[in-house]
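Undergrad:
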Amino acid sequence: MKHRKYLYLAAAAFAISGCMKQTLITTPGGIVLRSQHISLPSHGREFSGAPESSVANTYCLMCHSGGMVLTQPPLDLAQWQNEVRKMIKVYGCPLPGSDVDQVAQFIAHASQNPPPLSARAEK
Amino acid sequence: MAPTRDYTIGNALARRDFLRMLTMGVAAGAVARGAIPALAGTIQLPFANGARRLQAFAQKRPLILLRTRSPLLETPMAVFNQGVFTPNDAFYVRWHLADIPTAIDINTYRLRVFGHVNSPIETDLRSLVHDYPAFEIAAVNQCSGNSRGFFNPRVPGGEWGNGAMGNALWTGIRLKDLLAKANPRAGARFVRFNGLDKGTQPNTPDFLKSLELDHAMNGEVMIAYGMNHQPLPMLNGFPLRAVVPGWFATYWVKSLSDIEVLDHPDDNFWMKGAYLVPDTPHFNMKPGQAGVKMVPISTMGPRSFITNISDGAALKKDRRTNISGIAFGGDTGLTDVMFSSDGGRTWRQTRLDRDYGKYSFRRFQIQFTPVQAGGAVLMVKAINSNGVEQPMEPNWNPSGYARNVVEQIRVRIV
Numbered sequence: 088m089k090h091r092k093y094l095y096l097a098a099a100a101f102a103i104s105g106c107m108k109q110t111l112i113t114t115p116g117g118i119v120l121r122s123q124h125i126s127l128p129s130h131g132r133e134f135s136g137a138p139e140s141s142v143a144n145t146y147c148l149m150c151h152s153g154g155m156v157l158t159q160p161p162l163d164l165a166q167w168q169n170e171v172r173k174m175i176k177v178y179g180c181p182l183p184g185s186d187v188d189q190v191a192q193f194i195a196h197a198s199q200n201p202p203p204l205s206a207r208a209e210k
Numbered sequence: 030m031a032p033t034r035d036y037t038i039g040n041a042l043a044r045r046d047f048l049r050m051l052t053m054g055v056a057a058g059a060v061a062r063g064a065i066p067a068l069a070g071t072i073q074l075p076f077a078n079g080a081r082r083l084q085a086f087a088q089k090r091p092l093i094l095l096r097t098r099s100p101l102l103e104t105p106m107a108v109f110n111q112g113v114f115t116p117n118d119a120f121y122v123r124w125h126l127a128d129i130p131t132a133i134d135i136n137t138y139r140l141r142v143f144g145h146v147n148s149p150i151e152t153d154l155r156s157l158v159h160d161y162p163a164f165e166i167a168a169v170n171q172c173s174g175n176s177r178g179f180f181n182p183r184v185p186g187g188e189w190g191n192g193a194m195g196n197a198l199w200t201g202i203r204l205k206d207l208l209a210k211a212n213p214r215a216g217a218r219f220v221r222f223n224g225l226d227k228g229t230q231p232n233t234p235d236f237l238k239s240l241e242l243d244h245a246m247n248g249e250v251m252i253a254y255g256m257n258h259q260p261l262p263m264l265n266g267f268p269l270r271a272v273v274p275g276w277f278a279t280y281w282v283k284s285l286s287d288i289e290v291l292d293h294p295d296d297n298f299w300m301k302g303a304y305l306v307p308d309t310p311h312f313n314m315k316p317g318q319a320g321v322k323m324v325p326i327s328t329m330g331p332r333s334f335i336t337n338i339s340d341g342a343a344l345k346k347d348r349r350t351n352i353s354g355i356a357f358g359g360d361t362g363l364t365d366v367m368f369s370s371d372g373g374r375t376w377r378q379t380r381l382d383r384d385y386g387k388y389s390f391r392r393f394q395i396q397f398t399p400v401q402a403g404g405a406v407l408m409v410k411a412i413n414s415n416g417v418e419q420p421m422e423p424n425w426n427p428s429g430y431a432r433n434v435v436e437q438i439r440v441r442i443v
């Protein structure tokens, strides 16, 4: 029984060392490349307040987190309408055209009244 | 102007020999003066809505968080005071599309060269690394929109301070060698890069960037697998990225997977509809100006930054102070960095430290002894070997690209 355990361990060690060999690439200059895997922080539904926040959360956050909006400089409504239309026309955002004005109005306000940094915690 | 609040960064570089090389380029005793400690974990960039959190991402120390998904992370200016090369874990991050690569298996990764070529290539990493001669170059990678937050009037976009740039020693292979093996067919004109990033919506245009074939074959454009003698961080394009020395970073496609040779100009959105600048000196135009010819952004101009003194710092009257910082020539080498302590009326030549190549940051130093109490404006101006110097007036264009005005630091002499 004990023997078998060691056998398994040895087999596992052999398999891992075999794996390791394959998963390292050493470049001529000595840089060692290994497979990589990272995790990225998530973000929640970052807009709140007015009823339109729900539309903004649904559509704006499909492609980017709220920081893109909440760090913008003061822009007038026409500029925001322009930005929202660009998201639809250029980047393929499925926001209905009839919602452009209310979303633009909402984020024109939200972007200049961002939540405090402490509340913008990203996990 | 509100003082720039800077964040003090710890040192973290792995390879000792490289560290030694780094420190040779750093002026001894370049101690930050007047840096105002920020609230823990936050920073205030000196423009409206410039409050930012510092956030650590995988393989990154805490950086200035502009956007979580896909990440936009800015390098705090204090990092640039610590050496001529920007450590990988402090190097800024900029992605366009939402779905970015987070896992790479180096055994299955492939790079393809296809299109208008006689011998298409599909290579794995091991072959790429060993089948082509290694090539190394120090080069500044700068976002086209670096410093966008300083545009006046402000423009929408990624609202960066001055830290959407970095300098690294890039190791890899020349694109020329790979393309030569693929053997472009007669009539080949452009080379288009594609990486692994993708949009979340079916209609989001894939991020593709192109160079003219002659440019791609110039022996400097390369595919990097090393950054400061280490693998690239995932967020900077592991395992391979295009390196286009002297050109803005939009062409330095990350997690490079496809290289397509075209027999016609690339009309994809990211070449024809985005990253366009006015075809004017300093890419400058007036807000609302009509009829301006717009062209794809390309080469960088010279820039320089004092890094050891922050805006708003106090300097002692009659005491000699060392002023130091970083500069680069843009698309060619740096010739001079001039210093002014009187708001740009008179200029003195600074001393340039070690030269790591014409596309690299280079450190400069000058001794300055203030003789009069009160406010003073310190400026530095980089001049490159084409005789191009930083303009005294800021440029403006609707997308906030290619700012390279002479920067100012206001100090108090006490």
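Residue numbers (the working numbering), protein chains in the order written: chain B, 88 to 210; chain P, 30 to 443. Don't be surprised by glycine CBs; every beta carbon is placed ideally from N, CA and C.
Could you tell me which of P:Asn-313, P:Ser-353, P:Pro-231 and P:Ile-412 sits nearest to B:Cys-150, measuring between CA atoms?
TA: Here residue 150 of chain B refers to the residue found at position 63 when the first sequence is read from its first residue. Ranking P:Asn-313, P:Ser-353, P:Pro-231 and P:Ile-412 by CA distance to the CA of B:Cys-150 puts P:Pro-231 first.
Undergrad: Just the C-alpha distance for P:Asn-337 and P:Arg-81, rounded to the nearest angstrom, thanks.
TA: Position 308 of the second sequence holds residue 337 of chain P. Position 52 of the second sequence holds residue 81 of chain P. Roughly 22 Å between the two C-alpha positions.
Undergrad: Could you tell me whether the Cβ of B:Arg-121 comes closer than 8 Å to any Cβ of chain P?
TA: Here residue 121 of chain B refers to the residue found at position 34 when the first sequence is read from its first residue. Yes, its Cβ sits closer than 8 Å to a Cβ of chain P.
Undergrad: Taking the straight line between their C-alpha atoms, what separation do you get for B:Glu-133 and B:Gly-153?
TA: Along the first sequence, one-based indexing puts residue 133 of chain B at 46. Along the first sequence, one-based indexing puts residue 153 of chain B at 66. C-alpha separation (whole angstroms): 6 Å.
Undergrad: With a threshold of 8 Å between beta-carbons, can P:Ile-135 be considered close to chain B, or not?
TA: Counting from one through the second sequence, the residue named residue 135 of chain P turns up at place 106. Answer yes: the Cβ-Cβ gap between P:Ile-135 and chain B drops below 8 Å somewhere.
Undergrad: With P:Val-158 as the anchor, note down where its alpha helix (DSSP H) starts and where it stops.
TA: Locating residue 158 of chain P in the second sequence gives position 129, where the first residue counts as 1. Counting along the chain, P:Val-158 sits inside the alpha helix (DSSP H) bounded by residues 154–160.
Undergrad: So, does the segment 251–259 of chain P touch the segment 163–183 of chain B, judging by three or more C-beta pairs under 8 Å?
TA: By the Cβ rule, the segment 251–259 of chain P does not count as touching the segment 163–183 of chain B, because fewer than three pairs are nearer than 8 Å.
Undergrad: For chain P, check one thing: does any of its Cβ atoms lie closer than 8 Å to the Cβ of B:Cys-150?
TA: To locate residue 150 of chain B, count along the first sequence from 1; it is residue 63. Yes - at least one Cβ of chain P is within 8 Å of the one on B:Cys-150.
Undergrad: Between P:Asn-232 and chain B, is the shortest Cβ-Cβ distance under 8 Å, so that the two count as touching?
TA: Here residue 232 of chain P is taken as the residue at index 203 of the second sequence, counted from 1. Yes, P:Asn-232 counts as interfacial toward chain B.
Undergrad: Count the other C-beta atoms from every protein chain shown that fall within 10 angstroms of the C-beta of B:Ala-143, then say buried if there are 16 or more, exposed otherwise.
TA: Position 56 of the first sequence, counting from 1, holds the residue named residue 143 of chain B. Its Cβ being crowded by 16 or more others within 10 Å, B:Ala-143 is buried.
Undergrad: Consider the Cβ of B:Ser-140: report whether some Cβ of chain P lies at a distance smaller than 8 Å.
TA: If you number the first sequence from 1, residue 140 of chain B lands on position 53. No, its Cβ sits nowhere closer than 8 Å to a Cβ of chain P.
Undergrad: Kindly list the residues whose CB is nearer than 8 Å to the CB of P:Ile-438, restricted to its own chain and excluding five residues on each side of it in sequence; keep chain order.
TA: Residue numbering aside, residue 438 of chain P sits at position 409 when the second sequence is read from its first letter. Counting only residues of its own chain and dropping the five nearest sequence neighbours on each side, P:Ile-438 has a CB closer than 8 Å to the CB of Ile-335, Ile-338, Ser-339, Asp-340, Ala-342, Val-406, Leu-407 and Met-408.
Undergrad: Under 8 Å by Cβ, that's how I've got P:Thr-97 and P:Thr-104 pegged, so tell me the actual separation to the nearest angstrom.
TA: The residue given as residue 97 of chain P occupies position 68 in the second sequence. The residue given as residue 104 of chain P occupies position 75 in the second sequence. Contact flag wrong, Cβ pair sits at about 17 Å.
Undergrad: Taking the C-alpha atoms as reference points, what is the distance between B:Pro-161 and B:Ala-197?
TA: Numbered from its first residue, the first sequence carries residue 161 of chain B at position 74. Numbered from its first residue, the first sequence carries residue 197 of chain B at position 110. Their Cα atoms are separated by approximately 10 Å.
Undergrad: Cβ of B:Leu-182 less than 8 Å from any chain P Cβ?
TA: The count along the first sequence starts at 1 and reaches residue 182 of chain B at position 95. Cβ-Cβ to chain P under 8 Å: no for B:Leu-182.
Undergrad: How would you list, in chain order, the residues of chain A whose beta-carbon sits under 9 Å from the beta-carbon of P:Ala-132?
TA: Absent here is chain A; the protein component of the structure consists of chains B and P.
Undergrad: Which word fits P:Leu-51, buried or exposed, when buried means at least 16 other C-beta atoms lie within 10 angstroms of its C-beta?
TA: Here residue 51 of chain P is taken as the residue at index 22 of the second sequence, counted from 1. Caution is warranted here: a pLDDT of 42 is assigned to P:Leu-51, below 50, making its placement in the model unreliable, and no coordinate value can be reported.
Undergrad: Tell me where the beta strand (DSSP E) around P:Asn-170 begins and ends.
TA: The count along the second sequence starts at 1 and reaches residue 170 of chain P at position 141. 163–171 is the span of the beta strand (DSSP E), which, as asked, contains P:Asn-170.
Undergrad: Counting pairs of Cβ atoms below 8 Å between the segment 158–169 of chain P and the segment 228–244 of chain P, do you hit three or more?
TA: no
Undergrad: Would you call the segment 371–391 of chain P and the segment 301–309 of chain P touching, i.e. three or more CB-CB distances under 8 Å?
TA: Touching, no.
Undergrad: Between the segment 312–333 of chain P and chain B, which residues of the former have CB atoms less than 7 Å from a CB of the latter, in chain order?
TA: Within the segment 312–333 of chain P, contact with chain B at the beta-carbon level (separation under 7 Å) is assigned to no residue.
Undergrad: When you compare the segment 211–218 of chain P with the segment 259–269 of chain P, are there three or more beta-carbon pairs, one atom per stretch, that lie closer than 8 Å?
TA: no
Undergrad: Helix, strand or coil for P:His-311, going by three-state DSSP, please let me know.
TA: Taking the second sequence and counting its residues from 1, the one referred to as residue 311 of chain P is at position 282. Helix, per DSSP.
Undergrad: B:Gln-168 CB to nearest chain P CB: under 8 Å?
TA: Numbered from 1 along the first sequence, position 81 holds the residue referred to as residue 168 of chain B. Chain P contact via Cβ: absent.
Undergrad: Could you check what DSSP says for P:His-258 in three-state terms: helix, strand or coil?
TA: The residue you call residue 258 of chain P lines up with position 229 of the second sequence. Coil.
Undergrad: Taking only beta-carbon positions, decide if P:Ala-127 is within less than 8 Å of chain B.
TA: Position 98 of the second sequence, counted from the start, is the residue given in the question as residue 127 of chain P. So, interface residue.
Undergrad: In the DSSP output, what is P:Glu-289 paired with across the bridge?
TA: Numbered from 1 along the second sequence, position 260 holds the residue referred to as residue 289 of chain P. In the DSSP output, where bridge partners are listed per residue, P:Glu-289 has P:Phe-143 and P:Arg-221.
Undergrad: Got a sec: is the Cβ-Cβ distance from B:Pro-161 to anything in chain P below 8 Å?
TA: Looking up residue 161 of chain B in the first sequence gives position 74. At least one chain P Cβ lies under 8 Å of B:Pro-161.
Undergrad: Residues in the same chain with beta-carbon distance under 7 Å from P:Asn-212, minus the five sequence neighbours each way, listed in chain order, please.
TA: As a first step, residue 212 of chain P must be located in the second sequence, where it is residue number 183. Only Val-146, Asn-147 and Ser-148 meet the Cβ criterion.
Undergrad: Quick one: give me the first and last residue of the alpha helix (DSSP H) that B:Ile-175 is part of.
TA: For the purposes of this step, residue 175 of chain B is identified with residue 88 of the first sequence, where counting begins at 1. It spans 164–176 - the alpha helix (DSSP H) in which B:Ile-175 sits, taken as one unbroken run.
Undergrad: Taking the alpha carbon of P:Ala-132 as the point to measure from, which residue in P:Val-417, P:Ser-284, P:Asp-371 and P:Arg-377 has its own alpha carbon closest?
TA: For the purposes of this step, residue 132 of chain P is taken as the residue at position 103 of the second sequence. Of the listed residues, the one whose Cα sits closest to P:Ala-132 is P:Ser-284.
Undergrad: Does the Cβ of P:Met-421 have 16 or more other Cβ atoms within 10 Å, making it buried, or fewer, making it exposed?
TA: By one-based count along the second sequence, residue 421 of chain P stands at place 392. P:Met-421 comes out exposed.
Undergrad: Going straight from the alpha carbon of P:Asn-136 to that of B:Ile-112, what length do you get?
TA: As a position in the second sequence, residue 136 of chain P is number 107, starting the count at 1. As a position in the first sequence, residue 112 of chain B is number 25, starting the count at 1. Roughly 9 Å between the two C-alpha positions.
Undergrad: What residues from chain P crowd round B:Leu-202, counting only those whose CB sits closer than 9 Å?
TA: Here residue 202 of chain B refers to the residue found at position 115 when the first sequence is read from its first residue. This sequence places Pro at residue 202 of chain B; Leu is not what is there. Ordered by position in chain P, no residue passes the 9 Å Cβ test against B:Pro-202, which lies about 11 Å from the chain.
Undergrad: Going by the DSSP bridge assignment, what does P:Arg-391 pair with across the sheet?
TA: Here residue 391 of chain P corresponds to residue number 362 of the second sequence, with the count starting at 1. DSSP, once it has assigned bridges, lists P:Ala-356 as partnering P:Arg-391.
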